[in-house]
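Protein chains in written order, with numbering that gives the first Met the number 0: chain A, 0 to 245; chain B, 0 to 315; chain C, 0 to 268. Beta carbons: idealized from backbone N, C-alpha and C, even for Gly.
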Amino acid sequence: MTEVRVSVAGVTVRFGAVAALSRVDIDVPAGERRAVIGPNGAGKTTLLNVIAGELRPTEGLVHLGEQDATPLPAWRRARLGLGRTFQRSTLFDQLSVAENVTLAVRARLHGGWRFWPARERAVNTEVEGRLEAGGIAHLARRRAAGLGHGERRILEIELALAAVPSALLIDEPMAGLSGAERRLTLERLQALPEDVTVVIVEHDLDAVFALAQRISVLDHGVKIADGTPAEVRANPRVQEVYLGAI
Amino acid sequence: MIRGRFRAAWRPGLLAILTLALASVPMWAPRFWIYIATQALIFAIFAMSLDFLLGYAGLPSFGHAAFYGVGAYACALLALRQVDGLIPLLVVGAAAGALIAAPIGALSLRTTGIYFLMLTLAFGQMLWGLAVNWTSLTRGTDGLIGIPRPTLAGLDALNISLYERGPFFFLCLVVAILTFLLLEMLARSPFGKTLEGIRDNERRMRALGYPSFRYRLAAFVIAGSIAGIAGSLAAMSNGYATPDLLYWTVSGLALVAVVVGGARSLIGPVLGAFAVLFGQLGLSTYVPRWELILGTLFIAFVLFVPRGLVGLVRRA
Amino acid sequence: MFLLAAGLSIIFGLMNVLNLAHGSFYMVGAYIAYSVVVATKSFWLALVVAPVLLAVVGAALELVFFRRVYGRGHLAQVLLTFGFTLVFVDLIRSQFGPTTRSIPPPSGLEGAVQVLGATFSAYSLFVLAVATVVGALLLVGWRSLRVGAVLRAGVEDKEMAGLLGINLPRVFTLTFAFGAGLAGLAGVIAAPEFAIYPGMDANVLILALVVVVLGGLGSIEGALLGAALVGLGYVIGTSLFPQFAIGLIFALMAAVLVVRPSGLLGRRM
Ligand SMILES: Nc1ncnc2c1ncn2[C@@H]1O[C@H](COP(=O)(O)OP(=O)(O)OP(=O)(O)O)[C@@H](O)[C@H]1O
Ligand SMILES: [Mg+2]
């Protein structure tokens, strides 16, 4: 597996008059676990969208590995090994859970340009293994549209993992999960191979401190701090924004 | 789970009944009804290709008649230049449909949903305008007339002529079955599942590394070429190709056939095509104001049977 | 042309319903004008009667039919309106037959006029004037009056409008009626200039779609700009290669699509 550094340099995103991000620099070396935190509306999701290629920044550059990814469309960045989850679950609602995961696995193995019902043994075995590991094997034949919230969130993450990314962007995986589901999700994320670069946005600070090696803090589209968990905790501006919650 | 087993139960049964019923038509039906059944089969092929777009790729094209009509004109032009082999005529219809579908798809697919619908409608009417106005090629509203029925080497040896209604009906039935099998295969293939994924959630598919635009375009071109084949058959069946074939109401009727029959089933559109064609040709023979009645029926259908005929079967 | 596109755009933009029967309203407007002129010889009476009648028809259709399919997705709505186009065309055909009709321009506007050395029919100038006045009124109304504010609230955000205590069902009915009335007005005005026949609805619907696509949906300014472009394209096209004037318009549309898929003045989709 290739290692992928994720970095944005001088990124500004404007929606009309609102600047969702202003001149943000974030550099995540290959294999690092980075958390991005900040209050609601700080620009965290926007940042992930810029890295993933869903939003073109008004200004600034995005690098994946050594490559300038700024002009690349989302699907090309995915081919470079970038995976992501969405803050609001986005699944394939009409398809079964197994078919959902199959699409993700197939994307990596040979894409969708096969015009006859192939017997894809490699794909099928892998899908079964992944459903098992994610604890959702019993849901395999259920339609995604009929899943409960927690089940959707877990499938959301499994879809991203099934693509076996070298760099993974995760948007609020814990939101709305029960205690048991949180533990399961945390385990899945901690089980990721060491060399996978992870950028995680999360409000649950316990999860953040359990996972992250470094933390970046956004507020109103501006990066106000960047450092190890201890440094960020001690930073007066962060304490101001979080009103002592840390 | 339940749905899966249920599906497996009703589908082959319905298919078998449908095929047998259709195959027996030439044995008992009067000539006029064989003709209508032939037209309905051709329309069914056309509607199935649209269902592939609408039901699987999630693309509501309102300009599908363009490819149908272009296929008919291509077939007519070639047939009038003394090409009489069945296979070349069908192939040229398919090629023409695909050739036109590629640029129209490339432009229309820059948008989605209702915008896509509007664009395909507009492009379809543009081609209709072209068929009316490009008189040196199409002879305008008079259309190309006097297209002979094609020949097929093996059949000639057996002394079967496609000039007769029975054999031509069977030809259409065979093409319809082949189309069904082809589309069914595509729908179950990785390609078909990819299209369904894009229909359900394009963002996610792109995030997984699928170039959605290319897949959609491929689906659009495939559907266009099958519509072209249906157009070829229509030209052979009628003996003429006129701009009427490209008119927007033809696209609309096909959409109605798909929705009335039940989208994303491939069988539904066949039922729908028969319902619409019998409604149209059947009514127009007996009552003068058929469009009025048909229009009213559509309205009632949209209001009261949202899931289509297949939906009724599934529920029963 | 602009009137028509504006009506279509407003209905679509506000209610998110693509109304294929919009062309039918236009056609019916032209036929009403024809009937009124034949019966009373008064074009001006037609100019009042047709829009009012169509607004009533539009309101009735919205109340009885369209209301039921708002939640059912675009396709059901489009097919519903498609059913209506079939019904309207057939009704017209059964009443008036398939032949082309025409009415003379109203008295006082028959002649030709010299403007800047070129000759125009007085009636064309009248059409231009009416379109400009109505266009200006719409634009002003859209931007400043309360109606405009309500409609804009509807376009921008249906839920927000609901929260502000705006009676959305009523607004929808009125919008639909208003759009239908505009189409009727366009039909009357076009009647002395163009042929009246049972297929006119489709032609004009397509042109209106192109205008809307060009200009951007839900934007009155866009509809204006689009109509001007299409009109211009049509004139230029007709003088250059008469048979394919429509081709030029479509080339224009294709070009706009490549550069700006959401239309010249449209919001990003
Ligand atoms: N598509 C858009 N159009 C206009 N404004 C937007 C858009 N997307 C985001 N914004 C604005 O940009 C700002 C940042 O939004 P973003 O979703 O990135 O915040 P966030 O940090 O992810 O918040 P949350 O914790 O609530 O998920 C917000 O003010 C939001 O209103
Ligand atoms: Mg967010």
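Serine 95(A) by DSSP, collapsed to three states: which one? Counting from one through the first sequence, the residue named residue 95(A) turns up at place 96. Three-state DSSP puts serine 95(A) in a strand.
C-beta atoms of isoleucine 135(A) and isoleucine 169(A) nearer than 8 Å: Looking up residue 135(A) in the first sequence gives position 136. Looking up residue 169(A) in the first sequence gives position 170. The Cβ-Cβ distance between isoleucine 135(A) and isoleucine 169(A) does not fall below 8 Å.
Do you know whose CA, among Ala29(C), Ala130(C) and Ala176(C), lies nearest leucine 62(C)'s CA? Here residue 62(C) refers to the residue found at position 63 when the third sequence is read from its first residue. The shortest Cα separation from leucine 62(C) among Ala29(C), Ala130(C) and Ala176(C) belongs to Ala176(C).
For glycine 208(B), count neighbouring Cβ atoms within 10 angstroms of its own Cβ and tell me buried if that reaches 16, exposed if not. Your numbering for residue 208(B) matches position 209 in the second sequence. Glycine 208(B) is buried by the Cβ-count criterion.
Where do the N-terminal and C-terminal ends of the alpha helix (DSSP H) with leucine 106(B) fall, by residue? The residue labelled residue 106(B) in the question sits at position 107 within the second sequence. Unbroken alpha helix (DSSP H) run through leucine 106(B): 85-107.
In whole angstroms, what separates the C-alpha of alanine 135(C) from that of serine 123(C)? Residue numbering aside, residue 135(C) sits at position 136 when the third sequence is read from its first letter. Residue numbering aside, residue 123(C) sits at position 124 when the third sequence is read from its first letter. Just so you know, the alpha carbons of alanine 135(C) and serine 123(C) end up roughly 18 Å apart.
Could you name the residues of chain B that alanine 170(A) contacts, counting a contact when the two beta carbons are closer than 7 Å? The sequence position of residue 170(A) within the first sequence is 171, counting from 1. At residue 170(A) the sequence reads aspartate, which differs from the alanine that was named. Chain B residues near aspartate 170(A): none, gap ~11 Å exceeds 7 Å.
Assigned exposure category for valine 229(C) - 16 Cβ within 10 Å defines buried: Position 230 of the third sequence, counted from the start, is the residue given in the question as residue 229(C). Valine 229(C) comes out buried.
For valine 231(A) and glutamate 239(A), I'd like the C-alpha separation in whole angstroms. Start at 1 with the first residue of the first sequence, and residue 231(A) comes out as number 232. Start at 1 with the first residue of the first sequence, and residue 239(A) comes out as number 240. So the alpha carbons of these two residues sit roughly 12 Å apart.
Among Phe64(C), Ser106(C) and Ala201(C), the one whose alpha carbon lies nearest that of leucine 85(C): As a position in the third sequence, residue 85(C) is number 86, starting the count at 1. Nearest neighbour of leucine 85(C) by Cα position, chosen from Phe64(C), Ser106(C) and Ala201(C), turns out to be Ala201(C).
If we ignore side chains and look at the alpha-carbon of each, how far apart do serine 160(B) and alanine 272(B) end up? Stepping through the second sequence from its first residue, residue 160(B) is reached at position 161. Stepping through the second sequence from its first residue, residue 272(B) is reached at position 273. Approximately 26 Å, taken between the alpha carbons.
Note the first and the last residue of the continuous alpha helix (DSSP H) segment covering serine 21(A). Residue 21(A) sits at position 22 when you count from the first residue of the first sequence. Segment 17-27 is the beta strand (DSSP E) holding serine 21(A); no alpha helix (DSSP H) there.
The alpha helix (DSSP H) with threonine 295(B) in it runs from where to where? Taking the first residue of the second sequence as 1, we reach residue 295(B) at position 296. It spans 289-303 - the alpha helix (DSSP H) in which threonine 295(B) sits, taken as one unbroken run.
Between the beta-carbon of arginine 13(A) and the beta-carbon of threonine 44(A), is there less than 8 Å? Translated into the one-based positions of the first sequence, residue 13(A) becomes position 14. Translated into the one-based positions of the first sequence, residue 44(A) becomes position 45. Their beta carbons are not under 8 Å apart, which means arginine 13(A) does not touch threonine 44(A) by this criterion.
So, using beta-carbon positions, are glycine 251(B) and phenylalanine 66(B) closer together than 8 Å? Position 252 of the second sequence, counted from the first residue, corresponds to residue 251(B). Position 67 of the second sequence, counted from the first residue, corresponds to residue 66(B). Contact: no.
Say whether the region 65-85 of chain B touches the region 86-104 of chain C, bearing in mind that this needs 3 or more beta-carbon pairs closer than 8 Å, one atom from each stretch. no
For asparagine 48(A), which residues in the same chain have their Cβ closer than 8 Å to its Cβ, ignoring the five residues on either side in sequence? Locating residue 48(A) in the first sequence gives position 49, where the first residue counts as 1. Taken in chain order, the residues that qualify are Leu54.
Residues from the region 214-225 of chain B in contact with chain A, defined by Cβ distance under 8 Å: Tyr214
Buried or exposed (CB count within 10 angstroms, at least 16 for buried), aspartate 218(A): Position 219 of the first sequence, counted from the start, is the residue given in the question as residue 218(A). Its Cβ being crowded by 16 or more others within 10 Å, aspartate 218(A) is buried.
Within its chain, find whatever has a CB closer than 8 Å to the CB of threonine 37(B); leave out the 5 residues flanking it on each side and keep chain order. Here residue 37(B) refers to the residue found at position 38 when the second sequence is read from its first residue. Its chain contains Arg164, Phe167, Phe168, Cys171 and Ser236 as the residues whose beta carbon lies nearer than 8 Å to that of threonine 37(B), once the 5 sequence neighbours on both sides are disregarded; these appear in chain order.
Just grab the DSSP bridge partners of tyrosine 239(B) for me. Locating residue 239(B) in the second sequence gives position 240, counting from the first residue. Answer is Ile144(B).
Is the beta carbon of alanine 121(B) closer than 8 Å to that of valine 212(C)? Taking the third sequence and counting its residues from 1, one reaches residue 212(C) at position 213. Taking the second sequence and counting its residues from 1, one reaches residue 121(B) at position 122. In this structure, alanine 121(B) lies closer than 8 Å to valine 212(C) by Cβ.
If we require 4 or more residues per run, which alpha helix (DSSP H) segments fall completely within the region 46-109 of chain C? Listed in chain order, the complete alpha helix (DSSP H) runs (minimum 4 residues) inside the region 46-109 of chain C are 73-95.
If you drop the 5 nearest sequence neighbours on each side, which residues of the same chain put their C-beta closer than 7 Å to that of threonine 101(A)? Taking the first sequence and counting its residues from 1, the one referred to as residue 101(A) is at position 102. Closer than 7 Å at Cβ, skipping near neighbours: Val122 and Val126.
So what does DSSP say about glycine 271(B), is it helix, strand or coil? Along the second sequence, read from residue 1 onward, the residue named residue 271(B) stands at position 272. Glycine 271(B) falls in the helix class under three-state DSSP.
Quick check: the region 44-58 of chain B against the region 190-204 of chain B, are there 3 or more CB pairs under 8 Å? Touching, yes, given that three or more Cβ pairs across the two stretches are closer than 8 Å.
Consider the Cβ of aspartate 218(A): report whether some Cβ of chain B lies at a distance smaller than 8 Å. Position 219 of the first sequence, counted from the first residue, corresponds to residue 218(A). Aspartate 218(A) does not count as touching chain B.
How long is the line joining the alpha carbons of alanine 224(A) and valine 27(A), rounded to whole angstroms? As a working note, residue 224(A) is residue 225 in the first sequence. As a working note, residue 27(A) is residue 28 in the first sequence. Roughly 14 Å separates the two Cα atoms.
With a CB to CB cut of under 7 Å and the five nearest residues on each side skipped, what residues in its chain are close to tyrosine 114(B)? Looking up residue 114(B) in the second sequence gives position 115. The answer is none, since no qualifying residue turns up.
Under three-state DSSP, which class holds aspartate 50(B)? As a position in the second sequence, residue 50(B) is number 51, starting the count at 1. Reduced to three states, the DSSP call for aspartate 50(B) is helix.
Leucine 118(B) versus arginine 78(A) - alpha carbon distance: Indexing the second sequence from 1 puts residue 118(B) at position 119. Indexing the first sequence from 1 puts residue 78(A) at position 79. The alpha-carbon atoms of leucine 118(B) and arginine 78(A) are separated by roughly 31 Å.
Given that histidine 73(C) touches chain B, what residues does it touch there, using C-beta distances under 9 Å? Residue 73(C) sits at position 74 when you count from the first residue of the third sequence. Under the 9 Å cutoff, chain B gives Pro59, Gly112, Ile113 and Leu116.
Nearest-residue set for ligand 2, Cβ under 7 Å from any heavy atom: Lys43(A), Thr44(A), Gln86(A), Asp170(A), Glu171(A) and Val200(A)
When you check each C-beta in the region 173-196 of chain B against every C-beta of chain A, which residues fall closer than 7 Å? Met184, Leu185, Arg187, Ser188, Pro189, Phe190, Lys192, Thr193, Glu195 and Gly196
Serine 60(B) by DSSP, collapsed to three states: which one? As a first step, residue 60(B) must be located in the second sequence, where it is residue number 61. Three-state DSSP puts serine 60(B) in coil, outside helix and strand.
Based on the DSSP secondary-structure assignment, which residues constitute the bridge partners of glutamate 58(A)? Counted from its first residue, the first sequence places residue 58(A) at position 59. Beta-bridge pairing links glutamate 58(A) to Thr11(A).
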